[in-house]
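Going down the list, the protein sequences come from chains Z and F. Residue numbers for the first sequence follow this note's numbering, beginning at 254 and rising by one. Residue numbers for the second sequence follow this note's numbering, beginning at 254 and rising by one.
Number of protein chains: 2
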Amino acid sequence: MRSKDYSKIDLVFRAGLKLIVKEGIAGLTMSKLAKQAGIATGTLYIYFKSKEELLNKLYDKLQAESKQRFMKGYDPDEPFRTGLKRVWLNYLKHRIERYEESVFLEQYYRSPFITAEQKQIAESMKQPVKELIQRGKDEKLVKKDFDNEMLFLALLGFIRELADEHVTNVYILNEENTEKAFRLAWDTIKI
Amino acid sequence: MRSKDYSKIDLVFRAGLKLIVKEGIAGLTMSKLAKQAGIATGTLYIYFKSKEELLNKLYDKLQAESKQRFMKGYDPDEPFRTGLKRVWLNYLKHRIERYEESVFLEQYYRSPFITAEQKQIAESMKQPVKELIQRGKDEKLVKKDFDNEMLFLALLGFIRELADEHVTNVYILNEENTEKAFRLAWDTIKI
DNA sequence: TTGTATAATGAATATTTATTCATTAATATT
DNA sequence: AATATTAATGAATAAATATTCATTATACAA
Numbered sequence: 254m255r256s257k258d259y260s261k262i263d264l265v266f267r268a269g270l271k272l273i274v275k276e277g278i279a280g281l282t283m284s285k286l287a288k289q290a291g292i293a294t295g296t297l298y299i300y301f302k303s304k305e306e307l308l309n310k311l312y313d314k315l316q317a318e319s320k321q322r323f324m325k326g327y328d329p330d331e332p333f334r335t336g337l338k339r340v341w342l343n344y345l346k347h348r349i350e351r352y353e354e355s356v357f358l359e360q361y362y363r364s365p366f367i368t369a370e371q372k373q374i375a376e377s378m379k380q381p382v383k384e385l386i387q388r389g390k391d392e393k394l395v396k397k398d399f400d401n402e403m404l405f406l407a408l409l410g411f412i413r414e415l416a417d418e419h420v421t422n423v424y425i426l427n428e429e430n431t432e433k434a435f436r437l438a439w440d441t442i443k444i
Numbered sequence: 254m255r256s257k258d259y260s261k262i263d264l265v266f267r268a269g270l271k272l273i274v275k276e277g278i279a280g281l282t283m284s285k286l287a288k289q290a291g292i293a294t295g296t297l298y299i300y301f302k303s304k305e306e307l308l309n310k311l312y313d314k315l316q317a318e319s320k321q322r323f324m325k326g327y328d329p330d331e332p333f334r335t336g337l338k339r340v341w342l343n344y345l346k347h348r349i350e351r352y353e354e355s356v357f358l359e360q361y362y363r364s365p366f367i368t369a370e371q372k373q374i375a376e377s378m379k380q381p382v383k384e385l386i387q388r389g390k391d392e393k394l395v396k397k398d399f400d401n402e403m404l405f406l407a408l409l410g411f412i413r414e415l416a417d418e419h420v421t422n423v424y425i426l427n428e429e430n431t432e433k434a435f436r437l438a439w440d441t442i443k444i
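This is the structure in structure tokens:
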């Protein structure tokens with residue numbers, strides 16, 4: 254008797270992300286993936302029915318994980334700006350530390366593999382942050398003449414650019430920089 | 254004697270963009286492409302040596318075109334805010350009207366097809382806008398305590414999000430909205 | 001220990017996709 | 001109108017890639 258080594262699933266996921274950053278989903282083949290993960294191609298099919306299922310599961314896993322990370326440590330008893338900063342930094346750090354994942358999520362979103370249900374879930378992820386912005390308005394700290402969605406997009410877009418440029422070594426973020434960037438973001442939405 | 258019908262090149266490009274928005278570069282096959290363009294697969298090889306060459310050329314063409322569009326109509330004699338608004342709107346409109354192209358450019362950037370030279374050129378595209386921001390500082394209209402790159406990223410990121418949400422029908426832009434969005438962008442960088 | 005069930009392997013096979021090429025169609029030239 | 005030249009076609013072939021499966025290795029139970 255011999256039992257499955259489920260740690261291989263994560264091994265494969267990590268190998269996949271690494272390859273996708275380099276050559277996109279278009280460049281991902283099962284043999285390259287197996288080689289990168291250090292296992293045989295056949296072994297992939299012990300843990301996944303097909304390439305499609307493999308990518309679907311990777312997406313679902315990352316989606317679930319990132320949802321958790323965004324609001325982590327947020328405490329509604331703290332002042333609004335403090336809370337916003339926490340969530341803002343959460344997202345920036347997430348984009349940087351898990352850059353490979355972000356690249357995958359965006360590529361997957363426009364691949365032949367994504368399902369309608371998965372598209373739905375992606376949209377619902379924004380809700381908590383929009384509610385946070387609303388709190389800022391209620392406390393008369395955030396501009397009321399712009400709707401939550403627009404303010405959200407301004408914050409989100411800036412973070413994405415910052416993270417992308419940092420990871421590709423075009424604009425390096427350090428503590429000072431990051432602090433400044435948040436002040437700029439705050440300037441954008443504050444009354 | 255019979256001459257080549259070079260209009261087919263553009264036909265193929267357009268068909269390609271359409272398909273790539275739906276299923277990414279990962280989903281693009283030469284036969285799907287031919288079918289979408291309404292020609293035979295063999296005909297593709299009259300105008301392009303290979304799939305790789307086809308995508309390389311599409312990229313080069315779009316790159317050249319978009320470079321032109323960003324600064325179009327900019328007049329250094331007009332006031333700074335007016336000029337910035339023009340460029341800002343240029344880019345927003347470009348992202349919306351040529352959404353398919355934008356999707357392609359981003360996908361291509363992380364595909365097995367891109368060349369080192371092409372990566373270079375992409376980076377150099379930002380230069381004119383950064384110079385514009387510098388002009389704003391010189392005229393004491395733009396915050397001096399944030400560097401040009403950071404201010405640029407804040408503007409760019411917001412535009413990208415706006416355009417993406419508009420095209421995917423999540424956040425529809427009209428004239429009023431767009432006007433507001435620019436005011437928010439201006440708030441972000443102005444002293 | 002030994003037997004046995006199942007994980008792991010990777011070469012073999014199936015499938016998909018890129019590319020070629022023999023054939024047909026179109027059009028410029030005579 | 002006849003001829004010649006090249007575009008266009010799409011089925012045939014080549015190449016790349018996904019998937020299977022006969023074989024081997026491993027680890028648990030008896």
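All residues carry an ideal CB built from backbone N, CA and C; glycine is no exception. No experiment lies behind these values; they were computed from the predicted model shown.
Can you tell which of Leu342/F, His347/F, Gly291/F, Tyr361/F has its C-alpha closest to the C-alpha of Glu306/F?
Within the second sequence, residue 306/F is the residue found at index 53, counting from 1. For the residues Leu342/F, His347/F, Gly291/F, Tyr361/F, the minimum Cα distance to Glu306/F belongs to Tyr361/F.
For the structure I just gave you, are there three or more beta carbon pairs, one from the stretch 259-278 of chain F and one from the stretch 426-444 of chain Z, closer than 8 Å?
Contact between the stretch 259-278 of chain F and the stretch 426-444 of chain Z is absent, because fewer than three Cβ pairs lie under 8 Å.
Given a cut-off of 8 Å, decide if Phe405/Z and Lys505/Z are closer than it, judged by their beta-carbon atoms.
Absent from the model: residue 505/Z. The displayed extent of chain Z is 254 to 444, so no value can be given.
Can you tell me whether Arg413/Z is buried or exposed, with buried defined as 16 or more other CB within 10 angstroms of its CB?
Here residue 413/Z corresponds to residue number 160 of the first sequence, with the count starting at 1. Buried is the call here.
Compute the minimum distance between the beta carbon of Ser256/Z and the heavy atoms of the ligand MN, and state whether it is under 7 Å.
Of ligands this structure carries none, so the ligand MN is not represented either.
What are the uninterrupted segments assigned as alpha helix (DSSP H) that are 4 or more residues long and contained completely in the stretch 277-330 of chain F, given in chain order?
Complete alpha helix (DSSP H) runs here, min 4: 283-290, 294-300, 304-323.
Are the C-beta atoms of Arg363/F and some chain Z residue less than 8 Å apart?
For this step, residue 363/F is matched to residue 110 along the second sequence. At least one chain Z Cβ lies under 8 Å of Arg363/F.
Can you check whether the C-beta of Leu394/Z is within less than 8 Å of a C-beta belonging to chain F?
The residue given as residue 394/Z occupies position 141 in the first sequence. No - not a single Cβ of chain F is within 8 Å of the one on Leu394/Z.
If we call anything under 8 Å between Cβ atoms a contact, is Leu270/Z one with Phe399/Z?
By one-based count along the first sequence, residue 270/Z stands at place 17. By one-based count along the first sequence, residue 399/Z stands at place 146. Contact: no.
Is the Cβ of Gly280/Z closer than 8 Å to any Cβ of chain F?
Walking along the first sequence from the start, residue 280/Z turns up at place 27. Yes, Gly280/Z counts as interfacial toward chain F.
At which residues does the alpha helix (DSSP H) containing Thr431/F begin and terminate?
As a first step, residue 431/F is located in the second sequence; it is residue number 178 there, counting from the start. Unbroken alpha helix (DSSP H) run through Thr431/F: 428-442.
What's the C-alpha gap between Tyr298/Z and Val274/Z?
Reading the first sequence from its first residue, position 45 is the one you call residue 298/Z. Reading the first sequence from its first residue, position 21 is the one you call residue 274/Z. Roughly 23 Å separates the two Cα atoms.
By DSSP's criteria, Val423/F is part of a beta bridge. Which residues make up the other side?
Position 170 of the second sequence, counted from the first residue, corresponds to residue 423/F. Bridge partners of Val423/F: none, in fact.
Establish whether the CB of Ala287/Z and some CB of chain F are separated by less than 8 Å.
To locate residue 287/Z, count along the first sequence from 1; it is residue 34. Chain F contact via Cβ: absent.
What number of angstroms, rounded off, separates the C-alpha of Ile349/F from the C-alpha of Asn422/F?
Position 96 of the second sequence, counted from the start, is the residue given in the question as residue 349/F. Position 169 of the second sequence, counted from the start, is the residue given in the question as residue 422/F. Roughly 11 Å between the two C-alpha positions.
Taking Cβ-Cβ distances below 9 Å as the criterion, which residues of the stretch 341-364 of chain Z are in contact with chain F?
So the close ones are Val356, Glu359, Gln360, Tyr361, Tyr362, Arg363, Ser364.
In terms of residues, what are the limits of the alpha helix (DSSP H) holding Leu394/Z?
Within the first sequence, numbered from 1, the residue matching residue 394/Z stands at position 141. Taken as a continuous stretch (DSSP letters only), Leu394/Z belongs to no alpha helix (DSSP H), as it is neither H nor E.
At a Cβ cut of 8 Å, what residues of the stretch 399-422 of chain Z count as close to chain F, listed as they run along the chain?
The residues in question are Phe399, Glu402, Met403, Leu404, Leu406, Ala407, Leu409, Gly410, Phe411, Ile412, Arg413, Glu414, Leu415, Glu418.
The stretch 301-331 of chain F: which residues have C-beta closer than 9 Å to a C-beta of chain Z, in chain order?
Here the close residues number zero.
Considering only C-alpha positions, which residue in the set Met254/Z, Ser256/Z, Ala279/Z, Gly291/Z is nearest to Phe266/Z?
One-based indexing of the first sequence puts residue 266/Z at position 13. Closest by alpha carbon: Gly291/Z.
Can you list, in chain order, the residues of its chain with a C-beta nearer than 7 Å to that of Ala268/Z? Leave out the 5 residues immediately preceding and following it.
Taking the first sequence and counting its residues from 1, one reaches residue 268/Z at position 15. So the qualifying residues of the chain are Leu286, Gln289, Ala290.
Nearest-angstrom Cα distance between Gln480/F and Met324/F?
Nothing can be reported for residue 480/F, as the shown portion of chain F is limited to 254 through 444.
Do Lys310/Z and Phe301/Z come within 8 Å of each other at the CB atom, strictly closer than that value?
Reading the first sequence from its first residue, position 48 is the one you call residue 301/Z. Reading the first sequence from its first residue, position 57 is the one you call residue 310/Z. Yes, the Cβ-Cβ distance between Phe301/Z and Lys310/Z is below 8 Å.
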